[in-house]
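> Let me begin by handing over the structure; questions about it come next.
Protein chains: 2
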Amino acid sequence: MATTQNLNALQLEILKEKAVRLRIDSVRATTEAGSGHPTSCASAADIVSVLFYAVMRFDPRNPRRTDNDVFVLSKGHAAPLLYAAWAEAGAFSPERLLSLRKIESDLEGHPTPRLPFVDVATGSLGQGLSVGVGIALDAKDLRHSGQRVYVLMGDGESAEGSAWEAAQWAGLHRLGNLCATIDINRLGQSQPTMLQHDLETYRRRWDAFGWQALPVDGHDIAALLAAYRQASDTRDRPTIVLAHTLKGKGLGAVEDDEHWHGKALDRETANKVVAELRKQLTGADAQWEPNFPADLPAGSAGSAGSGQPRAASDAKPPYEIGGKETATRKGFGDGLAALAPVDSRVVVLDGDVKNSTHTEEFEKAAPDRFIQGYIAEQNMTGMAMGMAARGRVPFVTTFACFLTRAYDFIRMTAISNLSVKFVGTHAGISIGEDGPSQMGLEDLAMMCAEPNFTVLYPSDATSAWRATWLVAEHAGPCYLRTGRPASPILYGPNEQFAIGKCKVLRKSGNDRALIVAAGVTVPEALRAYETLQEQGIPVRVIDLFSVRPIDREELIASARDAGGLVVTVEDHYEHGGIGDAVFAALAGERFRGYKLGVREIPRSGKPAELVEKFGIDHRRIVSAVQSAIA
Amino acid sequence: MATTQNLNALQLEILKEKAVRLRIDSVRATTEAGSGHPTSCASAADIVSVLFYAVMRFDPRNPRRTDNDVFVLSKGHAAPLLYAAWAEAGAFSPERLLSLRKIESDLEGHPTPRLPFVDVATGSLGQGLSVGVGIALDAKDLRHSGQRVYVLMGDGESAEGSAWEAAQWAGLHRLGNLCATIDINRLGQSQPTMLQHDLETYRRRWDAFGWQALPVDGHDIAALLAAYRQASDTRDRPTIVLAHTLKGKGLGAVEDDEHWHGKALDRETANKVVAELRKQLTGADAQWEPNFPADLPAGSAGSAGSGQPRAASDAKPPYEIGGKETATRKGFGDGLAALAPVDSRVVVLDGDVKNSTHTEEFEKAAPDRFIQGYIAEQNMTGMAMGMAARGRVPFVTTFACFLTRAYDFIRMTAISNLSVKFVGTHAGISIGEDGPSQMGLEDLAMMCAEPNFTVLYPSDATSAWRATWLVAEHAGPCYLRTGRPASPILYGPNEQFAIGKCKVLRKSGNDRALIVAAGVTVPEALRAYETLQEQGIPVRVIDLFSVRPIDREELIASARDAGGLVVTVEDHYEHGGIGDAVFAALAGERFRGYKLGVREIPRSGKPAELVEKFGIDHRRIVSAVQSAIA
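If you read the sequences in order, they're chains A and B.
For the first sequence, the working numbering begins at 39 and goes up steadily by one.
For the second sequence, the working numbering begins at 39 and goes up steadily by one.
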C-alpha cells in the first residue's frame with residue numbers, strides 16, 4: 039500500500055477499521071488483566087495502524103525475518119497496542135491478547151524479547167530511540183540493507199536526556215532510514231507534560247537536532263500516511279513525526295482526561311466503550327494483506343558478520359612473564375584489535391576516550407566497525423543494545439565510573455539478555471591523581487547484581503587479552519573490568535582462562551589462610567605472600583578472574599585447605615564487590631572472613647599512596663592475616 | 039565593574055592580565071603535578087577572568103557567604119583554572135596551587151567540596167548545569183534572593199543528555215538568574231567534538247530549549263563582558279554564552295592541537311610557555327578589587343529553611359497494628375506530608391510519578407517546596423544536589439528502578455557528601471504485573487556500595503513513616519527503599535526506630551536458626567516462623583530495617599544464639615543486597631549462611647505468584663531452614 043501514491047477509499051477504510059480494532063483489543067486485554075495503560079494505547083492507535091498496515095514492509099508470520107522493517111515501541115507501557123498490532127496482522131490469534139500480564143503469558147506488562155517481534159525490552163522510558171538508532175545505523179552503514187526503522191515514543195519520555203543523545207547522534211549521521219513518531223497526547227502519568235500540545239516547540243527542537251520534523255494530526259489517517267511517505271522520500275536525514283493526539287482517544291469519557299494514566303477500565307465501562315467502538319466496524323479490514331517483502335532478494339538485509347571458531351586462530355597475547363609492565367586496559371585493547379579480523383560481528387562503541395581505553399587500536403584495524411558515541415553513554419549503550427539484538431557483538435567501552443551513567447540501559451540489557459559486552463577501564467583508586475570522580479568503585483556492585491551478567495576481572499595484560507576473547511565468544515551480557523596502571527605480567531602467552539574459573543597462584547599443603555584478590559590487588563597479594571612466607575606463615579593466593587559466575591568449587595576447596603580463614607582484597611568499595619561474591623560462595627562453609635576494600639570516599643594522590651592509604655595494599659593484607667591467626 | 043556601562047582601558051587591561059595569570063597558574067600547577075588538563079584551562083581563561091573579575095559579585099575571602107554569586111565548574115577537569123581563579127581573587131596564595139593533585143592537598147584533580155568554594159564535586163561531565171539549575175531555582179523561587187548563578191560547561195559534555203534535561207527545565211521555568219557558558223574549543227578528549235565550531239547549530243538548539251543564546255568570541259574580553267551584561271539584563275529566561283575558543287589558547291605550539299587533552303606540559307616546554315606569557319604582564323591587575331556585595335542587606339540570600347527538633351513535634355504514624363494493610367510507599371508519603379510543616383528545609387522532587395510514590399500529599403501540604411522534575415531523573419538529582427549544597431534537604435523520589443538512571447549523579451552525591459534523600463518506591467518483584475522493567479532489583483547494590491550512604495528498608499507503613507523522618511534529620515546522603523503492595527502493619531504508632539538498629543521480632547532461648555528479612559519479606563518470615571513453630575523448630579526473626587549502617591552487634595548476638603545458622607531473604611537480586619550485607623557483618627563468625635533472593639530475570643504476574651515463583655516466600659524460607667538443620 040505504501041508504494042501507491044494515492045490512498046483510495048478502501049485503504050482508508052481498512053486503516054481506520056484496524057485502528058478501531060487496536061483500541062478494542064487494548065481495552066479488552068487491560069480490563070481482563072485488571073491493570074495496564076489503555077489510554078496510552080488509544081492515543082497511538084491510528085499511528086500504529088498506519089505504520090503496521092500501510093507503511094512498514096514486513097512478514098507478520100515471520101517476525102524474526104531480518105529483512106523486515108523494524109518497529110520499536112519506546113513507550114513500552116503501550117504494550118497491549120503492540121501486541122494487538124501483531125495479532126491483527128496475523129502473527130497470532132487476537133484471543134491470546136486476553137492473557138495479557140498473566141504469569142504464564144509472554145504478553146507481559148511491558149514488552150520483552152520473550153516475544154519474537156520484540157528486539158529489546160522497553161518500559162524504562164527514553165531508551166527506544168537509541169535502540170532504533172543502533173538498528174538503523176547497523177542496517178544503513180554496516181549491512182547496507184534497504185530496511186527502515188520506526189520508533190514510537192511517548193511525549194513524556196522525550197524529557198529524558200537519552201532521547202536527545204539519540205537525536206543528536208542520528209542527526210549527525212543523517213540516518214535517513216530512521217523514522218520516529220512522538221505520540222503527543224499532552225498528559226504524563228501524574229500531570230500534563232512540559233510542552234503539552236506545543237508542537238511548534240517540538241518542531242524547532244528536533245529541527246535543530248538535524249531531523250526532518252513533521253507536525254501532524256495523529257488521528258488523521260491520511261495525514262499520517264502522507265507524513266510517513268515524506269519520511270520515506272527523505273534519505274538525507276531522519277524524520278520525526280510529531281503527532282498531536284488525545285490520550286484515551288475514542289474511549290468515551292476518559293478521552294483527554296488527566297486522571298486516566300495506567301488504569302484499566304472497569305468491566306462495565308469497558309463493555310460500553312467496546313460496544314461503541316464495534317459499531318464503527320464494517321469488516322472492511324478483512325481485505326487487508328500484509329506488505330510482505332516478497333520482492334526482496336534473499337540476504338537483502340545483509341549480514342551481522344560471523345565469528346570464526348577461536349581455535350582456528352593462532353593469535354595469542356604478546357606478553358611474557360616478567361616482561362614490561364602493562365596495564366590491563368592495554369591487554370584489553372590489544373586483544374580487541376586482534377579480534378577484529380577473527381570476528382566480524384564485533385563492533386566497538388567509544389565514549390570519546392578511545393585513547394585511554396585503547397580501543398583506538400581496534401579503530402585502526404576495523405574503522406568501519408568502530409562507532410564514536412561521544413560523551414553520551416546512555417545512547418552509546420542503547421545503540422549497542424539495538425545492534426546486539428540484530429546479531430552484532432558490541433563492545434561498549436569507557437571508564438568504569440562512567441558506565442554508571444548508563445545503568446538503567448544496562449539493567450534493560452539484562453532484562454533483554456542481549457550480548458552486549460561492557461568494558462570499564464580505570465577501575466578503582468589505583469587510577470591515582472584524577473581523583474574520585476574518575477574512579478570506578480561501584481561497578482562490580484552494579485554489574486554483578488544483574489543475574490545473567492558474566493563478570494570478568496583480569497589481573498594482568500595476558501588475562502585481560504584472553505578475557506576480551508572470552509566475553510566476545512560468550513552469548514549473553516558481559517562486563518570486563520580493567521585498570522589504568524601498568525602492572526606485572528603474571529601469565530604467559532599460552533595460559534588458558536575460562537569463565538567461571540579462578541587461578542590458584544600460590545598453595546602449599548599447610549596453608550593457614552586463603553587470600554582472594556583480583557585485578558591490581560593480585561600483585562599486592564603476591565607481595566603479601568612473600569612477606570608471610572618469610573614469617574613462616576604459608577598462605578594460599580587466588581586470582582579470582584571470574585567474579586560471576588564464581589569458581590565456588592575451588593574457593594570452597596581452598597578455603598577448607600586453608601583452615602577456613604579467608605581474606606579478600608579489592609580495589610572497589612566494600613559492598614557489592616569480590617568480597618561479597620566470595621563470602622556468598624562460601625556462606626555454607628562456616629569460614630572466617632576478612633574483607634579489605636575501599637571504605638570511604640577516596641581522593642587524589644599517587645596510585646601507590648592511595649592503595650596504601652585506603653587499605654588494600656600488601657601491608658594491610660599481611661596484617662589482616664597476622665591478626666586473624668593470632 | 040559590572041555595574042559600569044563602559045569598559046575603560048584599565049579595566050580591559052586588568053581582565054586581560056588576570057587571564058594571563060590564570061594560564062600561567064594552570065600550566066605551572068599541572069606541570070608540577072605531572073598530569074592534568076592545562077589546555078582545557080587555557081581555552082576558558084578569558085571567560086573565567088571576565089566572570090570572576092568583572093561580572094560576579096562575591097567575597098573571595100568568604101567563599102561560603104550564601105549571598106555570593108555562585109560559580110559551578112561543570113567541566114571539572116579544568117580544576118586548575120578554578121583554583122587559580124580563587125587564588126588570584128585572594129582566597130589563598132597562588133603558590134599553594136603547586137600542591138595540585140598531591141595526596142595532602144585539597145586541590146584535587148577534579149573539584150570536590152573539600153574546598154570551601156566548591157558546592158558539588160564535578161568531573162563526571164554533564165552534571166554541573168543541573169546543579170546550577172538547582173541552586174538558581176532555590177535562589178529565585180524559594181529564597182527570592184538577587185543572586186546569580188554561573189555555570190561553565192565544556193563543549194564535549196553538552197553531548198550528555200543530562201545537559202538537555204537541565205536546559206529544558208531551566209527554559210521552562212524561565213530561570214533568568216542562571217547564565218551558563220559553553221567553552222566551545224572544538225576538541226574532545228580523543229577527537230573533535232560533534233559540532234566542532236558550528237556555533238549556529240548550538241545557538242538554534244539552545245534557543246529552541248528556551249534560552250537566550252549568545253554566540254561570542256571567547257577570547258575577546260570586551261565581547262564576553264557585553265554578553266554577560268546582556269545576560270544580567272535578561273530576566274525572563276536563562277542565558278547561554280556560546281564561546282568560540284581554542285583549546286590550549288596562548289600556550290604556544292599546543293594551541294588548537296588535537297593531541298593535547300589531559301596532558302601536562304613537560305618542564306622545558308612549560309618554562310618557555312610561562313616565560314612568553316609573563317611578557318604580557320604589566321602588573322596592572324594589582325589594581326583589581328573584589329566585587330564585594332557590601333551593599334547587600336544581611337540575609338539577602340534568604341533562608342534554606344529550618345528543621346525543628348523532632349521531639350518538639352507530636353506527629354506520629356497513624357497506623358495501628360493489625361489495622362488496614364498499607365504500603366510502605368504510603369507510609370513514606372504520609373510521613374513526608376507530616377514533615378512538611380515541621381522542617382521547612384525539606385523540598386521534594388518528583389519524576390512524574392507523584393501519584394504512585396504518594397509525594398502528592400506533600401505537594402498539597404507545601405506546594406512551593408514541591409518540584410516537578412518530569413521524566414528526567416538525572417536533572418532531578420542534579421537539581422537536588424545543588425539545593426542540598428545550599429542547605430536544603432531534598433527528597434528525590436521515583437520508582438526504585440528508575441534511580442538507576444541517575445546512578446552517576448548518585449555517585450557524585452556520595453563524593454560530595456550531600457544530604458540528598460533518595461526514595462525508591464516499587465522495589466522488587468512484589469510490584470507484580472508491570473513486569474521487570476518497573477522492578478527495582480539492583481537498587482540496594484547500587485546505594486549500599488556508596489560508603490557514606492545511609493540505607494533504610496522499612497517493612498511496614500509505620501516504620502516507613504519513621505524512616506522518612508530519620509533520613510530527613512540525618513546529615514548526609516540517604517536511601518529509603520519502599521514497596522508497592524499493601525502489607526500488614528507490624529508496629530504501633532509509638533514504636534521508635536533508629537539508623538543502625540534492627541528489630542528482633544521473634545526470639546526464644548533455643549532458636550535453631552536466624553532469619554533476617556526486610557521490607558515485604560518480613561511478613562513472609564513471620565509466616566515461616568509460624569510454620570516452623572508448629573513443626574517444633576523455634577527460629578529467631580529479625581527485621582533488618584537499617585541496611586547501612588547495619589546492626590552488626592545484634593546480628594552477631596542473634597546468630598550466635600541461633601547456633602550460627604543464618605537465612606536471609608530479600609526482594610532484590612541476590613548480589614549486593616541485604617544477604618551480602620548480613621554475611622559481611624557476620625564474616626568473622628564462622629556462621630552458616632543461606633541467601634534467598636531473586637536469582638533470574640523475573641516477569642509479569644501477580645505479586646504473590648512472583649514471590650513464590652522466584653523463591654522468596656514463606657515456603658522457601660521454611661524449606662531453607664529445614665534443609666539446613668537436617
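Note that beta-carbon positions come from the ideal geometry of N, C-alpha and C, so glycine has one too.
According to DSSP, is HIS5 (chain A) part of a helix, a strand, or is it coil?
This structure gives no information on residue 5 (chain A), because the portion of chain A shown stretches from 39 to 668.
> How long is the line joining the alpha carbons of ARG348 (chain B) and ALA378 (chain B), rounded to whole angstroms?
12 Å
> When Cβ atoms are compared, which residues of the segment 486-497 of chain A fall closer than 9 Å to chain B?
CYS486, ALA487, GLU488, PRO489 and ASN490
> When Cβ atoms are compared, which residues of the segment 227-238 of chain A fall closer than 9 Å to chain B?
GLN227, SER228, GLN229, THR231, MET232 and LEU233
> How big is the Cα-Cα spacing for ILE359 (chain A) and ALA422 (chain B)?
50 Å
> Go ahead and label GLN571 (chain A) buried or exposed: buried means 16 or more other beta carbons lie within 10 angstroms of its beta carbon, across all protein chains shown.
exposed
> Out of curiosity, what's the CA-to-CA distance linking LYS285 (chain B) and SER78 (chain B)?
Going by the C-alpha atoms only, they are around 6 Å apart.
> Are there 16 or more other CB atoms within 10 angstroms of the CB of THR42 (chain B), so buried, or fewer, so exposed?
Only weak support exists for where THR42 (chain B) lies, its pLDDT of 45 falling under 50; the value from the coordinates is given anyway. Exposed, since its Cβ has fewer than 16 Cβ neighbours within 10 Å.
> Mind checking the segment 641-656 of chain A against chain B and listing, in chain order, the residues whose C-beta falls within less than 8 Å of any C-beta there?
ARG641, SER642, GLY643, LYS644, GLU647, LEU648 and LYS651
> Is the shortest distance between the beta-carbon of TYR240 (chain B) and the beta-carbons of chain A less than 7 Å?
No - not a single Cβ of chain A is within 7 Å of the one on TYR240 (chain B).
> What runs of the alpha helix (DSSP H), each 4 residues or longer, lie entirely inside the segment 558-599 of chain B?
559-572 and 590-599
> Does the segment 447-461 of chain B come close enough to the segment 482-493 of chain B to have 3 or more Cβ pairs within less than 8 Å?
yes
> For the segment 347-377 of chain B, which residues have a CB atom closer than 7 Å to at least one CB atom of chain A, in sequence order?
none
> Where does ALA47 (chain A) land, buried or exposed, given buried means 16+ other C-beta within 10 angstroms?
exposed
> Under 7 Å, Cβ to Cβ, is there at least one residue of chain B near PRO7 (chain A)?
Residue 7 (chain A) falls outside the range modelled here, since chain A spans only 39 to 668, and no answer is possible.
> Which residue marks the beginning of the beta strand (DSSP E) containing CYS486 (chain B), and which one marks its end?
Per DSSP, CYS486 (chain B) belongs to no beta strand (DSSP E); it is in the alpha helix (DSSP H), 481-487.
> Which runs of the alpha helix (DSSP H) spanning at least 4 residues fall entirely within the segment 598-642 of chain A, listed in chain order?
616-624
> Would you tell me roughly how many angstroms separate the C-alpha atoms of GLU133 (chain A) and PHE433 (chain B), rounded to the nearest one?
45 Å
> For chain A, find out if any of its Cβ atoms is closer than 7 Å to the Cβ of VAL386 (chain B); answer yes or no.
False, the Cβ-Cβ gap to chain A never drops below 7 Å.
> Compare the beta carbon distance of TYR266 (chain B) and VAL58 (chain B) with 7 Å and say whether it is the shorter of the two.
no
> Between the Cα of ILE527 (chain A) and those of A:ALA595, A:GLY369 and A:HIS75, spot the shortest distance and give me the residue it belongs to.
Cα-wise, what sits closest to ILE527 (chain A) is A:GLY369.
> Please list, in chain order, the chain B residues whose beta carbon lies closer than 8 Å to that of GLY114 (chain A).
SER475
> Does the Cβ of ARG243 (chain B) have 16 or more other Cβ atoms within 10 Å, making it buried, or fewer, making it exposed?
When all chains shown are included, ARG243 (chain B) counts as buried.
> By a C-beta neighbour count over all protein chains shown, 10 Å radius and 16 as the cutoff for buried, is ASN223 (chain B) buried or exposed?
buried
> Are the C-beta of GLN416 (chain A) and some C-beta of chain B separated by less than 7 Å?
yes
> Is the segment 632-652 of chain A in contact with the segment 608-621 of chain A, if contact means three or more CB pairs nearer than 8 Å?
yes
> Report the residue ranges of all beta strand (DSSP E) runs contained in full by the segment 300-365 of chain A; include only those spanning at least 3 residues, in chain order.
none
> Would you please verify whether the beta carbon of HIS282 (chain A) is less than 7 Å from any beta carbon of chain B?
Not closer than 7 Å to any Cβ of chain B, the Cβ of HIS282 (chain A) fails to qualify, so no.
> Whole angstroms are fine: how far does the CA of GLY74 (chain A) sit from the CA of SER64 (chain A)?
9 Å
> What does a CB cutoff of less than 6 Å around GLN416 (chain B) pick up in its chain, not counting 5 residues either side in sequence?
SER200, GLU203, ALA444 and PHE447
> Determine which residues of the segment 104-131 of chain A have a Cβ less than 7 Å from any Cβ of chain B, and write them out in chain order.
GLY114
> Nearest chain A C-beta to GLU471 (chain B) closer than 7 Å, yes or no?
yes
> Just tell me which of A:ARG305, A:ALA264, A:GLU327 and A:ASP236 has its CA closest to the CA of HIS282 (chain A).
A:ASP236
> Between THR231 (chain B) and LEU138 (chain B), which are expected to be in contact by the criterion C-beta below 8 Å, what is the C-beta distance as a whole number of angstroms?
The pair is not a contact, with the Cβ atoms about 26 Å apart (cut-off 8 Å).
> Check whether the segment 464-484 of chain A touches the segment 638-648 of chain A, taking contact to mean three or more Cβ pairs, one atom from each stretch, closer than 8 Å.
yes
> Using Cβ-Cβ distances below 9 Å, what residues of the segment 156-178 of chain B are close to chain C?
You won't find chain C in this structure, because its protein chains are A and B.
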